[in-house]
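Working notes, beginning with the structure itself.
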Amino acid sequence: MKSTTLYLRFVALSVVAAFAMFLVLCTAQLTNAQTAPRGEGFATAEEAANALIDAAEKYDAPALEKILGPDSKDIISTGEPARDAEVAKAFAAEARKKLNVKVDPRTKRLATLEVGDEDWPFPVPVVKVGTKWFFDAKSGVREILIRRIGRNELDAIKICRGYVEAQNEYALTKHGNSTVNQYAQKIISTPGTQDGLAWKNADGTWDGPIGENVANAVERGYSNKSEPYHGYFFKILKGQGPDAPLGQLDYLVHGAMIGGFALIAAPAEYRKTGVMTFMVSQDGVVYQKDLGPNTLELAKKIDRFNPDKTWQPVLKDEDQ
-15 MKSTTLYLRF VALSVVAAFA MFLVLCTAQL TNAQTAPRGE GFATAEEAAN ALIDAAEKYD
45 APALEKILGP DSKDIISTGE PARDAEVAKA FAAEARKKLN VKVDPRTKRL ATLEVGDEDW
105 PFPVPVVKVG TKWFFDAKSG VREILIRRIG RNELDAIKIC RGYVEAQNEY ALTKHGNSTV
165 NQYAQKIIST PGTQDGLAWK NADGTWDGPI GENVANAVER GYSNKSEPYH GYFFKILKGQ
225 GPDAPLGQLD YLVHGAMIGG FALIAAPAEY RKTGVMTFMV SQDGVVYQKD LGPNTLELAK
285 KIDRFNPDKT WQPVLKDEDQ
């Protein structure tokens, strides 16, 4: 009798254990179905890599989204079509030079694309779900955004420093009918004039302290334009506040900007194209501040260079 009771208890426990295991397996399958990458599946990780490179080479955005899945929208597009295409094609060119699809030897279900002569690791891993390989864009978004933000912020700092150099060069000579040396109030000059840092000559060539390509690019990212430049919008400031060196003053005197100059650069999309907002004046010191989620709206309201104690100077080695 005792042995029969033990046997029945054993059977009962076995059934419970089996049912528990069934629930675990069902839960795991459901979780995998919910979290599995939703892009296109490929027979091998190499096939997935080649499809990505082909689409990037042509910057075929719909094909890229199909391959990477809906979680890849922030990876594929930054709101700057020209730059997005440039970055995608540069990636493809590096991958054509050298590509290593490194599969994790332990799981054999995770692969990393190592691209170019430096074996740069592509942040989006390729994972095997069932019999197919998928790009796990969701896992790679954070790393890509971190890299993009860092790159954009460095570019914004360099533009601020370059703006100072360009304004100082511009002010060395008189332009047009001006009777005084002054700073430029525009990036690109009004047609037929030299009231900006770049101007078009009669023969169609461009001249000025900054070249045609840079001028058009920065102008594209000027405050009243719809498309940012390297993730940032820019605005020329024509005065300064009480916390600036020499205190509050207007840079314009009788229509000529002779009192100084300043520029502000703000990220187009906070935490997607940049985090910090930058300001610089004729003193050449670039200041930075995190204005928070409403960065762009707050930056648009700033019309004077006024780096109070909440703004921190960018050290020279930070933009290397």
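Here the sequence shown stands for residues -15 to 304, where the numbers follow my numbering. Heads up, the beta-carbon is just placed ideally off N, CA and C, and yes, glycines get one too. Note that the structure is a prediction, hence the values are computed from the model and not measured.
Exercise. If we count the other Cβ atoms within 10 Å of its Cβ and call it buried at 16 or more, is L52 buried or exposed?
Worked result: buried
For this session: Using alpha carbons as the reference points, say which of L36, P65 and T62 lies closest to V99.
Result: L36
Exercise. Since A121 contacts D55 with CB under 8 Å, what's their CB separation in whole angstroms?
Worked result: 4 Å
Exercise. From P251 to N34, what does the alpha carbon distance come to, in whole angstroms?
Worked result: 33 Å
Exercise. In terms of residues, what are the limits of the alpha helix (DSSP H) holding A283?
Worked result: T279 to K285
Exercise. Are the beta-carbon atoms of T261 and L275 separated by less than 9 Å?
Worked result: yes
Exercise. By a C-beta neighbour count over all protein chains shown, 10 Å radius and 16 as the cutoff for buried, is L(-3) buried or exposed?
Worked result: With a pLDDT of 33 at L(-3), under the threshold of 50, the predicted position of this residue should be treated as unreliable, though the coordinate-derived value follows. So L(-3) ends up on the exposed side.
For this session: Taking N84 as part of the beta strand (DSSP E), name the residues at either end of that continuous run.
Result: L83 to V87
Exercise. Can you tell me the Cα-Cα spacing of S61 and L230, whole angstroms?
Worked result: 43 Å
Exercise. Helix, strand or coil: how does DSSP classify Q272 here?
Worked result: strand
For this session: Report the rounded CA-to-CA distance for F6 versus G114, giving the unit in angstroms.
Result: Reliability fails at F6, whose pLDDT of 31 lies under 50, so the model's placement of it is uncertain and the value that follows must be treated cautiously. Going from the Cα of F6 to the Cα of G114 covers about 19 Å.
Problem set entry | Presumed contact (8 Å Cβ cut-off) between K63 and E211, rounded CB distance | The question names Lys, yet the displayed sequence has Gly at residue 63. At roughly 7 Å, the Cβ-Cβ gap stays under 8 Å, so G63 and E211 are in contact.
Exercise. Mind checking S265: buried by the 16 CB within 10 Å criterion, or exposed?
Worked result: buried
Exercise. For the region 50 to 106, which segments carrying the beta strand (DSSP E) assignment without a break, of at least 3 residues, lie completely within its bounds, in sequence order?
Worked result: 83 to 87 and 94 to 99
Exercise. Since I172 sits in a beta bridge, which residues does DSSP pair it with?
Worked result: A182
For this session: Below 8 Å CB to CB, which residues in the same chain sit around A240 once its five sequence neighbours on both sides are set aside?
Result: S162, V164 and Q166
Exercise. Between the region 144 to 161 and the region 98 to 112, do at least 3 Cβ pairs fall closer than 8 Å?
Worked result: no
Problem set entry | the region 284 to 292 / the region 169 to 180 touching (three or more Cβ pairs under 8 Å) | no
For this session: Report the residue from I220, K42 and P46 whose alpha carbon sits nearest the alpha carbon of I143.
Result: I220
For this session: Could you check what DSSP says for Y235 in three-state terms: helix, strand or coil?
Result: coil
For this session: Locate the beta strand (DSSP E) running through S265, then write down its first and last residues.
Result: T261 to S265
Exercise. Taking Cβ positions, are A140 and A228 nearer each other than 9 Å?
Worked result: no
For this session: Express the C-alpha separation of R131 and A17 in angstroms, rounding to a whole number.
Result: With a pLDDT of 36 at A17, under the threshold of 50, the predicted position of this residue should be treated as unreliable, and no value is reported.
Exercise. For F75, which residues from the same chain have a beta carbon less than 6 Å from its beta carbon, with the 5 sequence-adjacent residues on both sides left out?
Worked result: A40
Exercise. For the ligand MG, is there a heavy atom less than 8 Å away from the beta-carbon of A40?
Worked result: This structure does not include the ligand MG; it has no bound ligands of any sort.
For this session: Let me know if E357 comes out buried or exposed under the rule of 16 or more other beta-carbons within 10 Å of its beta-carbon.
Result: The first residue shown for the chain is -15 and the last is 304, placing residue 357 beyond what the model contains.
Problem set entry | Y147: first and last residue of the uninterrupted alpha helix (DSSP H) it sits in | A121 to Y154
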